[in-house]
Amino acid sequence: MGRWWSPAAEPRSVQLLLLGVALVAAAFYAGTLFGSSASPALVLPPSGPRSPVSSRTQGEYFLRPCVPASGRLIFFFSAADAPLFLNKVSLTYRTKPVSVPDYGVDVCPLEYNEHIPCHDAAYIRSLKSLDRSRHEDLESICPPREKRLFCLVPPPNDYKIPIRWPTSRDYVWHSNVNHSHLAEVKGGQNWVHDKGKLWWFPGGGTHFKHGASEYIERLGNMTTNSTGDLRSAGVVQVLDVGCGVASFSAYLLPLGIQTMSFAPKDGHENQIQFALERGIGAMISVLATKQLPYPGNSFEMVHCSRCRVDWHENAMCWKLIAKHVQTAIWVKPEEESCRLKNVDMKLLNI
Numbered sequence: 001m002g003r004w005w006s007p008a009a010e011p012r013s014v015q016l017l018l019l020g021v022a023l024v025a026a027a028f029y030a031g032t033l034f035g036s037s038a039s040p041a042l043v044l045p046p047s048g049p050r051s052p053v054s055s056r057t058q059g060e061y062f063l064r065p066c067v068p069a070s071g072r073l074i075f076f077f078s079a080a081d082a083p084l085f086l087n088k089v090s091l092t093y094r095t096k097p098v099s100v101p102d103y104g105v106d107v108c109p110l111e112y113n114e115h116i117p118c119h120d121a122a123y124i125r126s127l128k129s130l131d132r133s134r135h136e137d138l139e140s141i142c143p144p145r146e147k148r149l150f151c152l153v154p155p156p157n158d159y160k161i162p163i164r165w166p167t168s169r170d171y172v173w174h175s176n177v178n179h180s181h182l183a184e185v186k187g188g189q190n191w192v193h194d195k196g197k198l199w200w201f202p203g204g205g206t207h208f209k210h211g212a213s214e215y216i217e218r219l220g221n222m223t224t225n226s227t228g229d230l231r232s233a234g235v236v237q238v239l240d241v242g243c244g245v246a247s248f249s250a251y252l253l254p255l256g257i258q259t260m261s262f263a264p265k266d267g268h269e270n271q272i273q274f275a276l277e278r279g280i281g282a283m284i285s286v287l288a289t290k291q292l293p294y295p296g297n298s299f300e301m302v303h304c305s306r307c308r309v310d311w312h313e314n315a316m317c318w319k320l321i322a323k324h325v326q327t328a329i330w331v332k333p334e335e336e337s338c339r340l341k342n343v344d345m346k347l348l349n350i
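In case it helps, the working numbering puts the sequence shown at residues 1 to 350.
Structure follows, in structure tokens:
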């Protein structure tokens, strides 16, 4: 009985079969890239004339979803249709009791995109009773209720979705933190450099302009007599006082050390905004007349570099354990002799 296929044709059939499988796989992969599961796109309204709207809805927009033939989800800003989420731009203040309009909380005007509650420099400068020798003017001071803003702080112009960690350790969008003055006055210490559309953080600081990594290694050597690092010395939680743009905190993370960074809102502008944009936990604060909101023994290490804190004032007790060039490490003594001496000298009440 004759055979209906020839051995010479078998390799060609296999090749065609493999080619078909490859085409199916390629089509499936393309569908995952350009299909309906793609990230939503944000499309601004066309620049042409809009349909008339009433004075009540002028400048109010809402998001209207649209699914075109491509299957890609798109959101259009629209003011012509019946609004779902109204959004008024208005400078409003707190009332008692708090009153929220039916359309939601107003949005502050764009010039308030840097507003930080209880850190209004103009209001704080008007207070003559503050103890500026103890930096009370840098603390959080809230105005009376009727002077407190009650509107959503808007993002700056050209705001972009922040760059993700770990890339954000070194780069953030320039338009998200538009503070050129800090780069001008601290560029020589390698805090931050202007790179066009990006800010670049080379890892420097006031006390470690050659990089935080070398500085952290030096601290570990000083603490352990060159036998380990800060983590092996028992440091797990660090309080960084006057943190700048928080590069010290960023470079401690590989050691498994968490840092609470804080700095005041002062003449160097809002340093904390750089830290938060990088993805580093930080807050605006200062060691002055108010206690920080942390219980005792929360931190194994307190770091300070020209941070405006007189550590030997107010009857604080420290013992020097290491010193190298301009770096010194102090430890709080476990015995009570120093504190008892300060009590006898009426420097401390216990």
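Using N, Cα and C, we set each Cβ at its ideal position, and we do this for glycine too.
Bear in mind that the values here come from a model prediction, so they are computed numbers and not experimental data.
Item	Value
Classification of Val153 by the beta-carbon crowding that lies within 10 angstroms, buried from 16 upward	exposed
Counted within 10 angstroms of its Cβ, other Cβ atoms place Leu182 as buried (16 or more) or exposed	buried
Buried/exposed call for Glu139, threshold 16 Cβ in 10 Å	buried
Entirely enclosed alpha helix (DSSP H) segments - the segment 131-198, minimum 4 residues	180-186
Cys151 vs Thr95 beta-carbon contact at 8 Å	no
DSSP state of Val309 mapped onto helix, strand, coil	coil
Closest by C-alpha distance to Gly244, when choosing among Asn270, Asn221, Thr224 and Glu111	Asn270
Trp191 to Asp170 span [Cα, whole Å]	11 Å
Among Gln326, Glu313 and Val331, nearest to Phe299 - alpha-carbon criterion	Val331
Proximity below 8 Å, CB of Asn178 to CB of Pro156	yes
Unbroken alpha helix (DSSP H) run spanning Thr224, endpoints	Ala212 to Thr224
Span separating the alpha-carbon of Thr289 from that of Ala246	23 Å
Alpha-carbon spacing of Phe131 relative to Trp311, whole angstroms	Note that residue 131 corresponds to Asp in the displayed sequence, not to Phe. When rounded, the distance between both Cα atoms is 18 Å.
Closest residue to Gly196 among Ala233, Trp173 and Glu184 (Cα-Cα distance)	Trp173
Which listed residue (Gly205, Asp102 and Val309) has its alpha carbon closest to that of Tyr251	Gly205
Nearest neighbour of Lys356, chosen from Thr259, Ile124, Gln258 and Val286 [CA to CA]	Coverage of the chain is limited to positions 1 through 350, which leaves residue 356 absent and any answer about it impossible.
Short Cβ contact (8 Å threshold) for Lys265 with Ile284	yes
Delimiting residues of the alpha helix (DSSP H) encompassing Asp344	Ser337 to Asp344
Start-to-end residues for the beta strand (DSSP E) that takes in Phe262	Gln258 to Ala263
As assigned by DSSP and simplified to three states, the class of Leu239	strand
Given Tyr159 as reference, the closest of Asn176, Leu287, Pro166 and Leu149 once Cα atoms are compared	Asn176
Beta-carbon proximity list for Arg112, same chain, < 8 Å, skipping 5 on both sides	Correcting the residue identity first, residue 112 is Tyr in this sequence and not Arg. Taken in chain order, the residues that qualify are Leu91, Leu149, Cys151, Val153 and Pro154.
Alpha-carbon to alpha-carbon, Leu110 and His303	36 Å
CB contact flag (Val185, Val241, <8 Å)	no
Other residues of its chain near Leu348: CB distance less than 7 Å, five sequence neighbours each side excluded	Ala315, Arg339 and Asn342
Nonlocal neighbours in the same chain, by C-beta distance under 8 Å from Ile329, ignoring five residues either side	Leu219, Met222, Thr223, Leu320, Ile321, Ala322 and Lys323
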